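Number of protein chains: 2
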Amino acid sequence: MAPKLYYFDGRRGDAEAIRMLFKDTGIAYEDVGVSEETFKQMDAAGDLLFGQLPMVDFDGLKLVEQPAILEHIAQMADKAGKGTNKYLGENENERSTARSLCSAACDLRRESLAMRKEGSNDAKRKFKADVLPVWFAALDKLAVASNDEDKGLGAGVHFTFGDMAIFEAVNAITVALNLSVIRPYPNLKEWHDKAVHRAAIEVHIQGRDDAPW
Amino acid sequence: MAPKLYYFDGRRGDAEAIRMLFKDTGIAYEDVGVSEETFKQMDAAGDLLFGQLPMVDFDGLKLVEQPAILEHIAQMADKAGKGTNKYLGENENERSTARSLCSAACDLRRESLAMRKEGSNDAKRKFKADVLPVWFAALDKLAVASNDEDKGLGAGVHFTFGDMAIFEAVNAITVALNLSVIRPYPNLKEWHDKAVHRAAIEVHIQGRDDAPW
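Protein chains in written order, with UniProt numbering: chain A, 1 to 213; chain B, 1 to 213.
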């Protein structure tokens with residue numbers, strides 16, 4: 001049975017990187033839009049470990065939390081030999097680094113979500129002045145090593161589940177604030193642009209509906 | 001070379017579950033207290049991926065983010081056959097569940113840290129009324145399966161790195177608010193009490209200095 005991704009209907013949010021990884025790995029999945037009412041029913045039925053979405057049902061294993069879900073997909077992909085990529089990295093150290101990126105992506109997403117929810121120009125200005133430079137400068141450094149034959153951030157040569165998490169977080173910020181915010185970070189921009197043009201990602205981004213995120 | 005844990009001097013914070021897992025697995029490590037000045041130097045030198053502590057230097061691999069660090073330690077322990085426990089769980093599904101617990105522990109810790117920073121009785125009241133019941137009720141359900149021969153939350157029989165992350169987050173809340181807050185959740189309380197009495201954890205908790213967290 002194909003994995004089923006449950007998330008709030010019409011929203012990208014914490015589910016979007018999961019969708020992208022399913023597409024990039026070529027693993028068929030079902031995208032289930034959840035209404036507020038269904039959400040309450042699922043929670044009451046004990047389907048959601050901590051009352052949160054996204055949840056992915058992997059043949060009975062009902063997994064929550066984006067990092068755990070992404071790594072589970074990466075593992076399925078590598079085991080099935082899908083594509084030429086190694087989504088878990090080449091070895092345990094690269095896999096640990098991917099996990100670190102994944103957690104960091106959660107932090108970055110949380111900060112950008114707060115800016116988006118607040119919604120004011122002032123919130124955007126503050127985010128651009130205080131939050132974005134710290135993250136993008138760090139990611140720009142990591143991207144230096146990635147821009148020859150490498151595709152993954154840091155020392156790894158593979159585009160891992162951690163890269164996908166960071167990519168979606170960064171891409172969401174460029175959508176919210178304009179692509180120009182990434183220009184002062186040329187290495188990050190090059191890495192981001194390469195990821196945007198991964199075939200399955202490009203098709204996904206062009207085909208997705210508008211969303212309030 | 002023993003792994004080196006870098007964290008703010010005299011603080012428990014996001015390093016405490018890492019310390020506990022090092023102790024529980026019996027892996028020797030060095031606890032390096034970092035002053036504000038040293039922190040700035042380390043950040044400027046590029047030692048901290050996203051300008052954050054804790055960082056653990058595993059023989060040159062400088063890893064940040066608690067979930068990534070905990071799983072890396074679990075992996076070292078299982079590979080070295082330290083103790084009779086399987087810190088990664090019995091199979092990939094249990095390992096994915098442990099990751100999910102680990103991410104959830106970050107969320108819970110963030111909420112309890114906000115309460116602690118705010119510090120007022122009002123903040124404590126709000127946390128007790130709104131945040132704590134949601135988390136503790138969910139964990140209490142998970143603990144039901146754990147209280148026979150089981151030691152890990154959920155379906156797993158092992159006390160994994162995910163359990164350690166949740167245990168520290170819950171234990172920190174009982175220290176901040178009083179152990180009585182856990183009493184309405186008998187399964188969680190039983191699980192928590194068993195974890196407190198794991199030999200290495202007990203020694204660690206009794207031996208640690210007071211800290212503002």
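Every residue, glycine too, gets a C-beta built ideally from N, C-alpha and C.
Bear in mind the structure is a predicted one, so any value in this text is a computation, not a measurement.
Test: residue i CB closer than 8 Å to a CB of chain A
| i | result |
| --- | --- |
| LEU5/B | no |
| ASN91/B | no |
| GLU116/B | The sequence shown places Arg at residue 116/B, not Glu. No, because no Cβ of chain A sits closer than 8 Å to the Cβ of ARG116/B. |
| ARG109/B | no |
| LEU61/B | yes |
| LEU49/B | yes |
| ALA129/B | no |
| VAL170/B | no |
Contact with chain B by residue i, beta-carbon distance below 8 Å
| i | result |
| --- | --- |
| TRP213/A | no |
| TRP135/A | yes |
| ALA138/A | yes |
When the options are compared against residue i, the one with the closest alpha-carbon
| i | options | result |
| --- | --- | --- |
| HIS158/A | LEU63/A, LEU132/A, LEU113/A and LYS194/A | LYS194/A |
| ASP122/B | LEU177/B, PHE8/B and ALA17/B | LEU177/B |
| VAL134/A | GLU71/A, GLU118/A, GLY154/A and ILE182/A | ILE182/A |
| VAL196/B | VAL144/B, SER103/B, ASP163/B and PRO184/B | ASP163/B |
| SER180/A | ALA104/A, ASP43/A and LYS128/A | LYS128/A |
| ALA105/A | ARG109/B, PRO67/B and GLU92/B | PRO67/B |
| ALA199/B | ALA145/B, GLY152/B, LYS23/B and CYS102/B | LYS23/B |
| GLU65/B | GLU90/B, ALA17/B and LYS40/B | ALA17/B |
| ARG11/B | GLN52/B, VAL131/B and GLY33/B | GLY33/B |
| VAL56/A | ILE27/B, GLN41/B, THR97/B and MET20/B | THR97/B |
| GLU90/B | VAL203/B, LEU142/B, ASP14/B and GLY156/B | GLY156/B |
| TYR87/B | GLU111/B, GLY81/B, ALA74/B and THR38/B | ALA74/B |
| VAL203/A | ARG19/A, PHE161/A and SER112/A | ARG19/A |
| ALA80/B | GLU94/B, GLU92/B, SER120/B and ILE27/B | ILE27/B |
| ALA211/B | PHE8/B, ARG125/B and GLU36/B | PHE8/B |
| ALA114/A | PHE136/A, TRP213/A, SER35/A and ALA138/A | TRP213/A |
| GLU168/A | LYS82/A, VAL131/A and HIS192/A | HIS192/A |
| ARG109/B | ASN171/B, ALA138/B, GLU36/B and ALA143/B | ASN171/B |
| ASP140/A | LYS126/A, LYS4/A, LYS117/A and ILE166/A | ILE166/A |
| SER112/B | THR84/B, ALA145/B, GLY152/B and VAL175/B | VAL175/B |
| LEU101/B | GLU94/A, LYS189/A and LEU63/A | LEU63/A |
| ALA2/A | ALA145/A, GLY60/A and LYS117/A | GLY60/A |
| PRO186/B | ARG208/B, ALA143/B, GLY152/B and ILE173/B | ALA143/B |
| PRO54/B | GLN41/B, THR84/B, GLN206/B and ILE69/B | ILE69/B |
| GLY119/B | GLY51/B, GLY46/B, ILE173/B and PHE39/B | ILE173/B |
| SER160/B | GLU94/B, ALA44/B, ASP43/B and LYS189/B | Contrary to the premise, residue 160/B reads as Thr rather than Ser in this sequence. For the residues GLU94/B, ALA44/B, ASP43/B and LYS189/B, the minimum Cα distance to THR160/B belongs to GLU94/B. |
Within chain A, partners of residue i - CB distance below 7 Å
| i | result |
| --- | --- |
| PRO67/B | PRO67, ARG99 and SER103 |
| PHE167/B | Here the premise fails: no neighbours, minimum Cβ distance about 16 Å. |
Limits of the unbroken beta strand (DSSP E) element including residue i
| i | result |
| --- | --- |
| VAL82/A | For the record, residue 82/A in the displayed sequence is Lys; it is not Val. No beta strand (DSSP E) contains LYS82/A, which DSSP labels as neither H nor E. |
Interface partners of residue i on chain A, CB under 8 Å
| i | result |
| --- | --- |
| GLU71/B | SER96 and ARG99 |
Partner residues on chain B for residue i, Cβ-Cβ distance less than 7 Å
| i | result |
| --- | --- |
| GLY81/A | Here the premise fails: no neighbours, minimum Cβ distance about 16 Å. |
| GLN75/A | GLU92 |
| VAL64/A | SER100 |
Within chain B, partners of residue i - CB distance below 8 Å
| i | result |
| --- | --- |
| GLY46/A | LYS141 |
**Study point:** beta strand (DSSP E) runs contained entirely in the UniProt domain "GST C-terminal" (91 to 213) of chain A, provided each spans 3 or more residues
**Key:** Whole beta strand (DSSP E) segments, 3+ residues: zero.
Exercise for review: Starting from the N-terminal side, write out each stretch of the beta strand (DSSP E) that is 3 residues or longer and does not extend beyond the UniProt domain "GST N-terminal" (1 to 81) of chain A.
Suggested key: Those beta strand (DSSP E) runs which fall completely within the UniProt domain "GST N-terminal" (1 to 81) of chain A and span 3+ residues are 4 to 8, 30 to 34, 55 to 58 and 61 to 64.
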